[in-house]
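**Student:**
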Amino acid sequence: MSAAPPDMPPANAMDLHDRAALLASGERSSEDLTRDALAAADRLNPALNAFIEIHHDAAIDQARASDQRRSNGRSLGPLDGLPIALKDNICLAHGRTTCASRFLESYRSPYTATAAQRLIDAGIVVVGKTNMDEFAMGSSTENSAFGPTRNPHDPSRVPGGSSGGSAAAVGANIVAAALGSDTGGSIRQPAAFCGCVGLKPTYGRVSRWGLVAYASSLDQIGPITRSLRDAALLLSVIAGHDPLDSTSAPASVAPPCPSHAPSAPSTSRPEPPTIGLPRAIRNSTGNHPAVNAALESAAHAFESAGARIVEIDLPDGRDAIAAYYIIACAEASSNLARFDGVRYGRRADIGPSADLEALYRRSRTEGFGPEVQRRIMLGTHVLSAGYADRYYHTAQRAREFIRRAFQAALHTCNAILMPATPGPAFRLAEKTTDPLALYLEDVYTVSVNLAGLPAVSVPVASAQIDGKSLPIGMQLVGRPFDEHDLLALASTVMLRTR
Amino acid sequence: MSDAHDQNPTPTAEPLSIEHVRKIARLAMLDPGPAELESARTGLSAVLGYVQRLQAAVASDDSPAAPVEGGPVNALRNDAPGPTLSRDVFLKIAPDTGGPDGAYLRIPSPPGHDEGASA
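Sequence lines, in order, name chains A and B. In terms of my numbering, the first sequence has 1217 at position 88, counting the first letter as 1, and numbering is strictly consecutive. In terms of my numbering, the second sequence has 11 at position 10, counting the first letter as 1, and numbering is strictly consecutive.
Shown next, in the form of structure tokens:
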């Protein structure tokens, strides 16, 4: 096969749109692209540990089927034949779905998640399942039963989490895109650490059916990509009402982007947009200097594009962290009750004389890792008699307060600009002994989940640390169910600051 | 607002006792050993100390606790039979099968019964 034209990036650094153009022109086949992705995964995974499972044979079969459709003039659309990866908490009726847990290390789902099925129906090739923090509980992908994932920009550092495997696979150019899930920042934070675009859709926009639940009122599936136009394209396919998800938005909700958007979302609008900049975040001493500089640079980019920047006040992100961990862990303690060695999960060998409760306890203690056990216990505590009002109900009130504050801000602003993270990727094991320090990594992301809003993290700058160039991501938070406008605004800052 | 995003939380609650953590673990159907219990006690105490800050945050808020309009709605389906996955789908991924034509899942004996697997 011939090389890419001189004005295009090398094939392994192209986004989905560029690769789709190669397929459409006949320059490359789906099997070519899929073999490239599999070879890159085989070559890089020993160092990065981005994949839990690589689907060599199935991916080639899917690619050949796509090539056959194309040669017969029956291509399924722009995604047909393009290889991507799925986070391993998204059920797929092929291979295992482990959630990076020993408990589910041999679990095979009998069905495929709605979001994944919609991609498969559009012709996508699934090259494998990506590593993650166990049951999506973490911000570094160090809480995986299959070992930590490493950051492709500096393997001594974390890729972020919990969708760290997906972000590392995209950041390392193994695949052009992957699906992740975001409960408190688990798409946006790893995307920022790995130099990718990470989109958390509005709650209800993408079906959660087949996503192994961590915190059901916060979880949302979304894309991690190399470009905003790819994020728009993938969202347009995975979004939409699903009667199998009781919180799926009704069909009457406006579509997220023009169906199968062929290009970047338009930035044209009748009036200049207003961008809110939280006053307390600007020049915060809690941020790395490179993050503060990138925030100012992004704000300047908006102003240069004609936007109006206004300072706003939002609830303290540290209060949001507190509310988030109470609510998320309370929901997790309920959701993970089904993993008991009988209904789901590896069953402990406790001998014939033990009772059922001992079987549950031993299976759960052997199956769950330390962080999952900690969060289950935290959730159990805040829901227990005598503590629910002090913790859980207080957190729900705080959540409502946060929702109202964002709603008020977005009444006057088209979007809110803030960092995705307080700093660039941190070192492996740097925060493993202090759970609270790790939780505070989510200080800029959890409010968005509590408020149910869409947000996108885009790479805007890099920090030179220890001789390595580490990506810095900015986050743009948008109005509910207005991902199209959000991505259009984000394209302004991404294009002007890179 | 002050510099609201510094990384130095100040725990304010009393640390949990080992007995209380053991009780929580029992409610959570977990059986941690002594070292894990102590680790859980330390970690939970720090987190619970941190979340005390919420008491002050919500005390200053006089807005109602009821959700605002436009929030997610839990839309339940009718409680009626619908299509399900076929028996073959489950048998294909089952760890073990048995019975006539292998048409049943073979499961381990319940605790207290040492009669081998039963179909």
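Just so it is clear, CB atoms sit at the ideal spot from N, CA and C, and this is done for glycine as well. No experiment lies behind these values; they were computed from the predicted model shown.
1) Comparing alpha-carbon positions, which option in A:Asn1201, A:Phe1180, A:Leu1211 and A:Ile1181 lies nearest Leu1151 of chain A?
2) Take the Cβ of Ile1213 of chain A as the centre, count every other Cβ of all protein chains shown within 10 Å, and call the residue buried at 16 or more, exposed below.
3) For the structure I just gave you, are there three or more beta carbon pairs, one from the segment 1569-1589 of chain A and one from the segment 1531-1548 of chain A, closer than 8 Å?
4) What does DSSP give as the partner residues of Pro1239 of chain A in its beta bridges?
5) Which residues does DSSP list as the beta-bridge partners of Gly1309 of chain A?
6) Using the beta-carbon of each residue, which ones in chain B are nearer than 9 Å to Asp1371 of chain A?
7) In chain B, what lies closer than 7 Å to Leu1221 of chain A by C-beta?
8) Check Phe1180 of chain A in the structure and name its three-state DSSP category.
9) Quick one: which residues of the segment 95-107 of chain B get their C-beta closer than 7 Å to a C-beta of chain A? List them in chain order.
10) Name the chain B residues whose beta carbon is nearer than 8 Å to that of Met1506 of chain A?
11) The alpha helix (DSSP H) spanning Arg1526 of chain A covers which residue range?
12) Along the alpha helix (DSSP H) that carries Met1547 of chain A, what are the first and last residues, could you check?
13) When you compare only the Cα positions, how much space is there between Arg78 of chain B and Ala1423 of chain A?
14) Starting from the beta carbon of Pro1564 of chain A, find every residue of chain B whose beta carbon is closer than 8 Å, and list them in chain order.
15) Any beta-carbon of chain A closer than 9 Å to the one on Pro16 of chain B?
16) Cα separation between Phe1468 of chain A and Gly1498 of chain A?
17) Would you tell me roughly how many angstroms separate the C-alpha atoms of Ser1392 of chain A and Ala1153 of chain A, rounded to the nearest one?
18) Take Ser40 of chain B as the anchor and find which of B:Val22, B:Phe91 and B:Asp89 has the nearest alpha-carbon.
19) Measuring alpha carbon to alpha carbon, tell me which residue in A:Ile1253, A:Arg1231, A:Thr1241 and A:Gln1318 is nearest Gly1276 of chain A.
20) Would DSSP call Asn1464 of chain A helix, strand or coil?
21) Answer yes or no: do Val1304 of chain A and Ala1514 of chain A have a C-beta to C-beta separation smaller than 9 Å?
22) Would you list the residues sitting across from Met1623 of chain A in a DSSP beta bridge?
23) With DSSP as the reference, identify every bridge partner of Asp1283 of chain A, one or two as the case may be.
24) Identify, in the order they occur along the chain, each residue of the same chain with its Cβ nearer than 6 Å to the Cβ of Ala1360 of chain A, setting aside the five sequence neighbours on each side.
25) On a Cα-Cα basis, can you pick out the residue from A:Asn1174, A:Cys1220, A:Asp1448 and A:Arg1493 that is closest to Ala1534 of chain A?
26) Based on DSSP bridge pairs, tell me the residues matched to Arg1556 of chain A.
27) Using beta-carbon positions only, say whether Pro16 of chain B and Thr43 of chain B come within less than 9 Å of one another.
28) In this structure, how does DSSP classify Ala1132 of chain A when only helix, strand and coil are distinguished?
29) Per DSSP, which residues does Leu106 of chain B bridge with? Please list them.
30) Out of curiosity, what's the CA-to-CA distance linking Ala57 of chain B and Val1572 of chain A?
31) Does DSSP put Met1506 of chain A in a helix, in a strand, or in coil?
32) Please classify Asp1484 of chain A: is it buried, with 16 or more other beta-carbons within 10 angstroms of its beta-carbon, or exposed?
33) Leaving out the 5 sequence neighbours to the left and right, which residues in its chain are closer than 8 Å to Met18 of chain B when beta-carbon positions are compared?
34) Three or more C-beta pairs under 8 Å: does that hold for the segment 1239-1257 of chain A against the segment 1361-1369 of chain A?
35) If I follow the unbroken alpha helix (DSSP H) through Arg1148 of chain A, where does it start and stop?
36) Of all the CB atoms in chain B, is at least one closer than 9 Å to the CB of Gly1498 of chain A?
**Tutor:** Well, looking at it:
1) The option with the nearest alpha carbon to Leu1151 of chain A is A:Leu1211.
2) Its Cβ being crowded by 16 or more others within 10 Å, Ile1213 of chain A is buried.
3) Yes, the segment 1569-1589 of chain A is in contact with the segment 1531-1548 of chain A.
4) Pro1239 of chain A pairs with nothing; no bridge assigned.
5) Looking at the DSSP assignment, Gly1309 of chain A forms a beta bridge with A:Gly1351.
6) Residues of chain B with a Cβ closer than 9 Å to the Cβ of Asp1371 of chain A do not exist; the shortest Cβ-Cβ separation is about 11 Å.
7) Taking a Cβ-Cβ threshold of 7 Å, none of the residues of chain B is close to Leu1221 of chain A; the smallest such distance is about 12 Å.
8) Here Phe1180 of chain A sits in strand by DSSP.
9) Listed in chain order, the positions of the segment 95-107 of chain B with a beta carbon within less than 7 Å of a beta carbon of chain A would be empty, since no residue qualifies.
10) Simply Val22, Ile25, Ala26, Ala29, Leu31, Ala41 and Leu45.
11) Here the alpha helix (DSSP H) through Arg1526 of chain A covers Thr1523 to Thr1541.
12) Here Met1547 of chain A belongs to no alpha helix (DSSP H); instead the beta strand (DSSP E) covers Ala1544 to Pro1548.
13) Answer to the nearest angstrom: the Cα atoms are 47 Å apart.
14) Per Cβ cutoff of 8 Å: Gly44, Ala47 and Val48.
15) So no, Pro16 of chain B is outside the interface.
16) Near 13 Å, if we compare the C-alpha coordinates of Gly1498 of chain A and Phe1468 of chain A.
17) Its pLDDT being 45, under 50, Ser1392 of chain A is placed unreliably in this model, and the coordinates cannot settle the point.
18) Comparing Cα positions, the closest option is B:Val22.
19) A:Arg1231 is the residue among A:Ile1253, A:Arg1231, A:Thr1241 and A:Gln1318 whose C-alpha sits nearest the C-alpha of Gly1276 of chain A.
20) Note: Asn1464 of chain A maps to helix in three-state DSSP.
21) Cβ distance not < 9 Å, so Val1304 of chain A and Ala1514 of chain A don't count as in contact.
22) Met1623 of chain A is bridged by DSSP to nothing; it lacks a bridge partner.
23) Beta bridge pairing from DSSP links Asp1283 of chain A with A:Asn1280.
24) Exclusion of the five residues before and after Ala1360 of chain A leaves Val1326, Leu1328, Pro1352 and Thr1354 as the residues of its chain whose Cβ lies within less than 6 Å of its Cβ.
25) Taking only the C-alpha atoms, the option nearest Ala1534 of chain A is A:Asp1448.
26) In the DSSP assignment, the residues bridged to Arg1556 of chain A are A:Arg1286.
27) Yes. Within cutoff.
28) Unreliable positioning characterises Ala1132 of chain A in this predicted model, as indicated by a pLDDT of 43, which lies under 50. A coordinate reading is not provided.
29) In the DSSP secondary-structure assignment, Leu106 of chain B is bridged to B:Thr98.
30) If you take the alpha carbons of Ala57 of chain B and Val1572 of chain A, they lie about 18 Å apart.
31) Correct three-state label for Met1506 of chain A: helix.
32) By the beta-carbon neighbour count (other beta carbons within 10 angstroms, threshold 16), Asp1484 of chain A is exposed.
33) Reading off the sequence, residue 18 of chain B comes out as Ser, not Met. Cβ within range, chain order: Arg42.
34) Segments in contact, yes.
35) Start and end: Leu1145 to Ser1154.
36) Chain B, which has no Cβ nearer than 9 Å to the Cβ of Gly1498 of chain A, makes this no.
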